[in-house]
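Those protein sequence lines, which keep their order, are chains A and B.
Offset between the first sequence (1-based) and the working numbering: plus 287.
Offset between the second sequence (1-based) and the working numbering: plus 1100.
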Amino acid sequence: MTEKLDELIDTVAQRMTEADGHPDMRTRVMAVIDDRARLVRRPWLMPLMATGAAAGAALVWMLVSPRPLPLSQPVPPASQAQAPAAPATPVAALQPETVSSPAPVVRRMTAAPRATARLSSAMPESVIATHMSEPPWPDDEQNMTIPTLPALAGPAPITIEPIGWHDLAIAPVTVAAIEVKAIELEPLRTGAGGA
Amino acid sequence: MTIDRTSDTAADERDYPAEHALIAAAVAGDREAFGALVQRHERAAIRAALAALGRQADAEDVTQDAFLIAWQKLPTFRAEASFRTWLLTIVWRQALARRRVRQRWWQRFVTADRGDDGRTEARFASPGVSPEQRVVDRERAGAVAAAIARLSPKLRDTLLLAASGEYGYEQIGCMLGVPVGTVKWRVAEARRQIGMAVGGTRDD
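As C-alpha cells, then:
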C-alpha cells in the first residue's frame, strides 16, 4: 500500500513539474544574446542610451524634488529684500496669521512636497498629465493637488516661474492669494511665448 | 515507477569531456557552443523552475533569465561542481526570487494554490483500466496533488525536485543549499505528510 502511494506521489509530483510542450529555450536565449551583441557592436548607441537615461533620471528628479522654484517677479524693495529670510517651514507648520502677515517677506517652502492650488480656470491637460502622478484626478480641475508646485508664503501677488513647465509652453503663474496649504492662482495662460 | 536519481549525475560524468569542451568554447565567446549547453540542460532547468513556481510561463521566463546570467557569468565558472548543478543553482535562485516577488504582490488577490490549474488531476489517466477505476485514480491523484500543494515550501520544493527524476539528491542539496541528509529527510517527511493527508495510508 505504501509503495503504491509512493508511486502515486512520484507520478503526481513528476507531472507537476512537466512542461507543456517544448519552449525552445535555445532559440529564446540565443535571440537575447544576439540582441545584446548587436548593441555592443553599435557603440554609438551607448552614449545615446546613457544620455537618455540621464535625462530621464533628471526629469524624474525634477518632478519629485521639493526644491523651490525661482521667483521672477515682483522684486521686493531693497530694504525689504535685505531683511533676513525666515527659515524654511513646511506648509503644514504654517499658521494662517503668518501667511497673511503684511510683511513682504518671501519665504520658500522647501519642505513642501505638495501644495493645493485652486485655479480660476482649468489647467491644460498636458500639465495635468505631467504633474498629476496619482490618479484618479479630481473632477473639478480647478481644485487639485499639484505634487511639484512649491508653496510660497508671502504677500500676494507673487509670480512664480515653474521649472520644468517651459517645455509645455506654460506661462509663469501669478499667485493671487495664498492660504495655508492652498494657493489661489490666476488663470493659466498657455501658448509659446509665456507671459 | 522507479526513479533513478543517480542517472543524471552519471550521465554528467560520462559526458564531461564533451561538456567541458562546450563550456570552454562558450567562455571563449562561441555562442553556438553555449546554445548547445542550453539545449542540453533546458529541460532540467525548466522543471526546476516549475517546481518552484508552478506556472509554465513564469518558469520559462526564469529559465531564460538564468541562462542569460549563466552566459554572463560563465567565465567565473570554476568547475567545482558540474555545469548542470551550477546552472540549476542559478535557476533555483532566480525562481525563488520570482516567487517572493509574486507572493508579495499577488498574495492578496490569488488563492494559495500551486498554480497547477488542475492540470495534474486532468492529465492523470491510467490507460488500460476501467472508467470507474480511472475516476477513482483521478480523484486520488487530485487528493495527492492537493496534499502536495499544502506542504510547506521547503518540503514541497524538495519533493517536487526529487520526484521529477531530473536531479540527484546531491544536486538538489546544492540547489537548496542543504546537506544530502536534509534532502532525504524532507522527501520522507513530505511523503509522510501526504500519506496522512490522503487517508493515513503511510501508517498502515
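Virtual Cβ for every residue (Gly too), placed ideally from N, Cα, C.
Item to check | Test: A1264 of chain B CB closer than 7 Å to a CB of chain A | outcome: Translated into positions along the second sequence, residue 1264 of chain B becomes position 164. Checking the sequence shown, residue 1264 of chain B turns out to be Ser, not Ala. Flagged as an interface residue toward chain A: S1264 of chain B, by a C-beta distance shorter than 7 Å.
Item to check | CB contact flag (V1161 of chain B, Q1194 of chain B, <7 Å) | outcome: Within the second sequence, residue 1161 of chain B is the residue found at index 61, counting from 1. Within the second sequence, residue 1194 of chain B is the residue found at index 94, counting from 1. Residue 1161 of chain B is actually Asp in this sequence, not Val. No. Outside cutoff.
Item to check | Check whether E1270 of chain B and R1147 of chain B have beta carbons under 7 Å apart | outcome: Within the second sequence, residue 1270 of chain B is the residue found at index 170, counting from 1. Within the second sequence, residue 1147 of chain B is the residue found at index 47, counting from 1. Against a cut-off of 7 Å, the Cβ pair of R1147 of chain B and E1270 of chain B comes out as no contact.
Item to check | Secondary structure of H309 of chain A, DSSP reduced to three states | outcome: Start at 1 with the first residue of the first sequence, and residue 309 of chain A comes out as number 22. Reduced to three states, the DSSP call for H309 of chain A is coil.
Checklist entry - In angstroms, rounded to a whole number, what distance separates the CA positions of G1277 of chain B and A1245 of chain B? => result Within the second sequence, residue 1277 of chain B is the residue found at index 177, counting from 1. Within the second sequence, residue 1245 of chain B is the residue found at index 145, counting from 1. Rounded to the nearest whole angstrom, the C-alpha separation of G1277 of chain B and A1245 of chain B is 26 Å.
Next on the checklist: Going by DSSP, what residue range makes up the alpha helix (DSSP H) through Y1269 of chain B?
Outcome noted: The count along the second sequence starts at 1 and reaches residue 1269 of chain B at position 169. Following the DSSP letters along the chain, one finds Y1269 of chain B inside the alpha helix (DSSP H) bounded by residues Y1269 to L1276.
Next on the checklist: Within 10 Å of its beta-carbon, does W348 of chain A have 16 or more other beta-carbons around it, so buried, or fewer, so exposed?
Outcome noted: The residue you call residue 348 of chain A lines up with position 61 of the first sequence. The residue in question, W348 of chain A, is exposed, as its Cβ has fewer than 16 Cβ neighbours within 10 Å.
Checklist entry - Who are the Cβ neighbours of E1119 of chain B in its own chain at under 7 Å, not counting the five residues just before and after it? => result To locate residue 1119 of chain B, count along the second sequence from 1; it is residue 19. Cβ within range, chain order: F1183.
Next on the checklist: Please tell me whether V1287 of chain B and L1251 of chain B are closer than 7 Å, where the distance is taken between their beta carbons.
Outcome noted: Your numbering for residue 1287 of chain B matches position 187 in the second sequence. Your numbering for residue 1251 of chain B matches position 151 in the second sequence. One thing to note: V1287 of chain B has its Cβ no nearer than 7 Å to the Cβ of L1251 of chain B.
Item to check | Of the residues A:I296, A:I320 and A:A324, the one placed nearest F1167 of chain B, counting alpha carbons only | outcome: Residue numbering aside, residue 1167 of chain B sits at position 67 when the second sequence is read from its first letter. For F1167 of chain B, the nearest C-alpha among the options comes from A:I320.
Item to check | the stretch 1249-1260 of chain B: positions lying closer than 8 Å to chain A by Cβ | outcome: Answer in chain order: L1259 and L1260.
Next on the checklist: Strictly below 7 Å CB to CB, what residues from chain A border A1126 of chain B?
Outcome noted: Position 26 of the second sequence holds residue 1126 of chain B. Residues of chain A with a Cβ closer than 7 Å to the Cβ of A1126 of chain B do not exist, since the nearest Cβ in that chain sits about 10 Å away.
Item to check | Minimum C-alpha distance to H1141 of chain B - residue among A:R313, A:V351 and A:G308 | outcome: In the second sequence, the residue the question calls residue 1141 of chain B occupies position 41. It is A:R313 whose Cα lies nearest to the Cα of H1141 of chain B.
Item to check | chain A contact residues for Q1164 of chain B, given Cβ-Cβ distances below 8 Å | outcome: For this step, residue 1164 of chain B is matched to residue 64 along the second sequence. Those within 8 Å of Q1164 of chain B in chain A are M312, R315, V316 and V319.
Item to check | Neighbour list for W1285 of chain B in chain A, Cβ cutoff strictly below 9 Å | outcome: In the second sequence, the residue the question calls residue 1285 of chain B occupies position 185. Using a Cβ-Cβ cut-off of 9 Å, W1285 of chain B is close to nothing in chain A; its nearest Cβ partner there is about 16 Å away.
Next on the checklist: Does any residue of chain B have a CB that is nearer than 7 Å to the CB of G300 of chain A?
Outcome noted: As a working note, residue 300 of chain A is residue 13 in the first sequence. Residue identity check: residue 300 of chain A is Ala in the sequence provided, not Gly. Yes, A300 of chain A counts as interfacial toward chain B.
Item to check | Where the alpha helix (DSSP H) containing L334 of chain A begins and where it ends | outcome: The count along the first sequence starts at 1 and reaches residue 334 of chain A at position 47. The identity of residue 334 of chain A in the sequence shown is Pro, whereas the question assumes Leu. For P334 of chain A, the enclosing alpha helix (DSSP H) starts and ends at L332 to V351.
Checklist entry - How many Å lie between R325 of chain A and A1133 of chain B at the Cα? => result Taking the first residue of the first sequence as 1, we reach residue 325 of chain A at position 38. Taking the first residue of the second sequence as 1, we reach residue 1133 of chain B at position 33. C-alpha separation (whole angstroms): 18 Å.
Item to check | Proximal chain A residues relative to A1241 of chain B, where beta-carbon distance stays under 9 Å | outcome: Taking the first residue of the second sequence as position 1, residue 1241 of chain B is located at position 141. Per Cβ cutoff of 9 Å: L295, T298, V299 and R302.
Item to check | Proximal chain B residues relative to D322 of chain A, where beta-carbon distance stays under 9 Å | outcome: Residue numbering aside, residue 322 of chain A sits at position 35 when the first sequence is read from its first letter. Going along chain B, no residue has its Cβ under 9 Å from D322 of chain A, so there is no contact; the nearest lies around 11 Å.
Checklist entry - Which term fits D297 of chain A, buried or exposed, when burial requires 16 or more other beta carbons within 10 angstroms of its beta carbon? => result Locating residue 297 of chain A in the first sequence gives position 10, where the first residue counts as 1. Burial of D297 of chain A is indicated by the presence of at least 16 other C-beta atoms within 10 angstroms of its C-beta.
Checklist entry - Going along chain A in order, which residues have a C-beta closer than 7 Å to the C-beta of F1167 of chain B? => result Within the second sequence, residue 1167 of chain B is the residue found at index 67, counting from 1. In chain order: M312 and V316.
Item to check | Helix, strand or coil at F1177 of chain B [DSSP, three-state] | outcome: Against the second sequence, residue 1177 of chain B aligns to sequence position 77. In this structure, DSSP gives F1177 of chain B a state outside helix and strand, which the three-state scheme calls coil.
Checklist entry - Is L332 of chain A close to chain B, meaning its C-beta is less than 7 Å from at least one C-beta of that chain? => result The residue given as residue 332 of chain A occupies position 45 in the first sequence. No, L332 of chain A does not count as interfacial toward chain B.
Checklist entry - Could you give the residue range of the alpha helix (DSSP H) that holds A1329 of chain B? => result No answer is possible for residue 1329 of chain B: it lies beyond the span of chain B, which begins at 1101 and ends at 1304.
Next on the checklist: For Q301 of chain A and D1257 of chain B, I'd like the C-alpha separation in whole angstroms.
Outcome noted: Start at 1 with the first residue of the first sequence, and residue 301 of chain A comes out as number 14. Start at 1 with the first residue of the second sequence, and residue 1257 of chain B comes out as number 157. Pairing Q301 of chain A with D1257 of chain B, the inter-Cα distance amounts to about 12 Å.
Checklist entry - Given a threshold of 16 other Cβ atoms within 10 Å of its Cβ, counted over all protein chains shown, does V1138 of chain B qualify as buried or as exposed? => result Position 38 of the second sequence holds residue 1138 of chain B. Answer is buried; the Cβ neighbour count reaches 16.
Next on the checklist: Does G1336 of chain B come out as helix, strand or coil in the three-state DSSP assignment?
Outcome noted: Because residue 1336 of chain B is not part of the residues shown, which for chain B are 1101 to 1304, the question remains open.
Next on the checklist: Let me see if you follow: with CB-CB separation under 7 Å, is W1171 of chain B close to chain A or not?
Outcome noted: For the purposes of this step, residue 1171 of chain B is identified with residue 71 of the second sequence, where counting begins at 1. Closer than 7 Å: yes.
Checklist entry - If you count every other CB in all the chains shown that lies within 10 Å of the CB of R1198 of chain B, and 16 or more means buried, which is it? => result Numbered from its first residue, the second sequence carries residue 1198 of chain B at position 98. With at least 16 other beta carbons inside 10 angstroms of its own, R1198 of chain B counts as buried.
Item to check | Extent of the continuous alpha helix (DSSP H) to which E1266 of chain B belongs | outcome: Within the second sequence, the letter at position 166 stands for residue 1266 of chain B. That residue, E1266 of chain B, is in no alpha helix (DSSP H); it is neither H nor E in DSSP.
Checklist entry - Does DSSP put D1130 of chain B in a helix, in a strand, or in coil? => result Taking the second sequence and counting its residues from 1, the one referred to as residue 1130 of chain B is at position 30. Three-state DSSP puts D1130 of chain B in coil, outside helix and strand.
Next on the checklist: Using the three-state DSSP reduction, which class does T304 of chain A fall into: helix, strand or coil?
Outcome noted: Taking the first residue of the first sequence as 1, we reach residue 304 of chain A at position 17. T304 of chain A falls in the coil class under three-state DSSP.
Item to check | Separation of G308 of chain A from V1127 of chain B, as counted between CA atoms | outcome: Here the question's residue 1127 of chain B lines up with position 27 in the second sequence. Here the question's residue 308 of chain A lines up with position 21 in the first sequence. Here the alpha carbons of G308 of chain A and V1127 of chain B stand approximately 30 Å from one another.
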